[in-house]
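For the sequence shown, my numbering begins at 1016 and goes up steadily by one.
To start, the structure under review is shown below, and the notes come after it.
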Amino acid sequence: MNLLARRPPSWLLILADTVLAVLLAPASTAGAPELTTNAVTIVLCWLLAVPVAVRRIWPEPAYYGALLIGLAVLAVQANRLMPTAVAALAIYPVATGRPVRRSAIALVSGLLVDGGALLLSMLGSAGYANGWPDPVSVVGAAWLVLAASWSLGTAARTRREFAAREARRQAEQAAADERLRIARELHDVVAHSMSLITVKAGVAAKVLDKHPEEGRKALRAIEEIGRGSLGEMRRLLGVLRAPGSAPENTPPPGLADLPSLAHRAAEAGVRVDLSVDGTVPDSMAPAVYRIVQEAITNVVKHAAPAHCRASVSVAEGRLRIAVVDDGPGQRVLPGRPGGHGLAGMRERALLYGGTFEAGPLPGRGFGVHASWEIL
């Protein structure tokens, strides 16, 4: 991303510059009696206002044009204010829209040209006598005005760059958070469905010959689990589609889906005692479901057959989730590295500023506990 890219100037700003130029044009020839007002000087003074009108459209040509026209004005009359004022107005968009090196070159050029022209104009003026007006003071004041305008423009440019970098950082962070969210969701869907499908497929393979009805029941359960998982995956992958395509309308899972989750776990050999007390905000329901789902999936993968207690409660402004089983406390299969399930549950809890704990229980079993405040 090019942080220096200039956006087209607003037509309101261009209109304001045009009005300012129209006001400056007559003001440049209406002044002290000693200023000459012949046709040449009037034309030059009016031309001097043109760069102000176009300074936002063509910043650098307008600025250098102002310096050259200012030289011509100072050569024919002692109007020392207008060339400096116009150059200061013209250098501002150069400082805001051009790289620092180019705008600094423009500043140095303006200081040399405007300062030198002012000095020569004063020394060659018939009204200059006994060192008054002081050339150093006049040139110093002109340089101060130019430098101040350049500094303001540079500061505005720096603020714009910082804002652009911050916006890009926030966009990148949002994209990273979204990728992490989709990865968590996909992991939960795939891990849960594949664990149940693997268990049910094993059951079907063992009983299909001797107990065909039980085998068909297991196959129907596999079909049901697969369809549900495909629906969830379509919903998740919908956000990755090209802009303009409509995402799937499948709603995210919530607390109403927990009984079905417990039923599928029971078919895989894990009896789940489920309890839900209190009202969980709709915005938090998908996270609660995913934590319970992943915790029960771990029981199916590592402890089946087992008994499991899963509770979701809201009391005193705090939501608590607990999933405790009576299986073995070991949660990493021999010879296999640990998965992402516990990390995903922890991330979901921390997303709401909560706490998360998981580990073997004394004696036997494994417990998962998460809680956070409900605002």
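The C-beta atom is built at its ideal place from N, Cα and C for all residues, glycine as well.
Using only the alpha-carbon positions, how far apart do Ala1189 and Leu1083 sit?
50 angstroms
Whole alpha helix (DSSP H) runs in the region 1315-1385 with 4 or more residues, listed along the chain?
1356-1366
Output the distance between the C-alpha atoms of Val1314 and Ala1171, rounded to the nearest integer angstrom.
59 angstroms
Please state if the CB of Thr1312 and the CB of Gly1359 are separated by a distance shorter than 8 angstroms.
no
Would you identify the three-state DSSP class for Leu1289, choosing helix, strand or coil?
strand
Coil, strand or helix - Trp1387 by DSSP
strand
Span separating the alpha-carbon of Glu1282 from that of Gly1368:
35 angstroms
Using 10 angstroms around the beta-carbon of Pro1375, count the other beta-carbons present and answer buried if the total reaches 16, otherwise exposed.
exposed
Can you look up Ser1298 in the DSSP assignment and give me helix, strand or coil?
coil
Where Ser1136 and Ala1031 are concerned, what is the direct C-alpha to C-alpha distance, given to the nearest angstrom?
31 angstroms
At the level of alpha carbons, what is the spacing between Asp1272 and Tyr1304?
8 angstroms
Excluding the 5 residues preceding and the 5 following Thr1370 in the sequence, name in chain order all residues of the same chain whose CB lies nearer than 6 angstroms to its CB.
Ser1386
Restricting to Cα atoms, I'd like to know which of Pro1150, Phe1177, Arg1335, Val1285 is closest to Ile1306.
Arg1335
Suppose you measure from the CA of Val1295 to the CA of Val1339; what does that come to, to the nearest Å?
20 angstroms
Less than 8 angstroms between the CB atoms is what I'm expecting for Gly1130 and Ala1157, so what's the real figure, rounded?
6 angstroms
Measuring alpha carbon to alpha carbon, tell me which of Leu1289, Pro1268, Ala1318, Phe1381 ends up nearest Ser1298.
Pro1268
Three-state secondary structure assigned by DSSP to Trp1158:
helix
Does Lys1215 pass the burial test, meaning 16 or more other C-beta atoms within 10 Å, or should it be called exposed?
buried
Please report the Cβ distance between Ala1081 and Ala1036, rounded to the nearest whole angstrom; I am assuming they are in contact, meaning their Cβ atoms lie under 8 angstroms.
Their Cβ separation, rounded to whole angstroms, is 11 angstroms, which puts Ala1081 and Ala1036 out of contact at 8 angstroms.
Where Ala1283 falls: helix, strand or coil (DSSP)
coil
Cβ of Gly1293 within 8 angstroms of Cβ of Ser1328?
yes
Following the continuous alpha helix (DSSP H) through Pro1108, name the residue where it begins and the one where it ends.
1096-1112
Gly1217 by DSSP, collapsed to three states: which one?
helix
So what does DSSP say about Ile1072, is it helix, strand or coil?
coil
Take Ala1300 and list the residues in its own chain whose beta-carbon comes closer than 7 angstroms to its own, dropping the five residues that flank it on each side.
Gly1269, Leu1270
Should Arg1235 go down as buried or exposed, given a rule of 16 or more other Cβ atoms within 10 Å for buried?
exposed
Selected residue, minimal CA-CA separation from Pro1150, among Ser1118, Ala1077, Leu1161, Leu1138:
Leu1138
Could you check where the alpha helix (DSSP H) with Ala1121 kicks off and where it finishes?
1115-1138
Identity of the residue in Glu1181, Val1109, Ala1182, Ser1208 nearest Leu1161 by Cα
Val1109
State the CB to CB distance for the pair Ile1395 and Gly1125, rounded to an integer number of angstroms; the pair is presumed to be in contact (CB under 8 angstroms).
Because the chain is modelled from 1016 through 1390, residue 1395 falls outside the range shown and cannot be assessed.
Where does Lys1232 sit, in a helix, a strand or coil, going by DSSP?
helix
Since Leu1104 and Val1067 should fall inside the 8 angstroms C-beta cutoff, what is the C-beta to C-beta distance between them, to a whole number of angstroms?
5 angstroms
Cutting at 7 angstroms between CB atoms, please list the residues of its own chain near Leu1019, excluding the five before and the five after it.
In this predicted model, Leu1019 has a pLDDT of only 48, less than 50, meaning its place in the structure is not dependable; the value taken from the coordinates is given anyway. Cβ within range, chain order: Pro1114.
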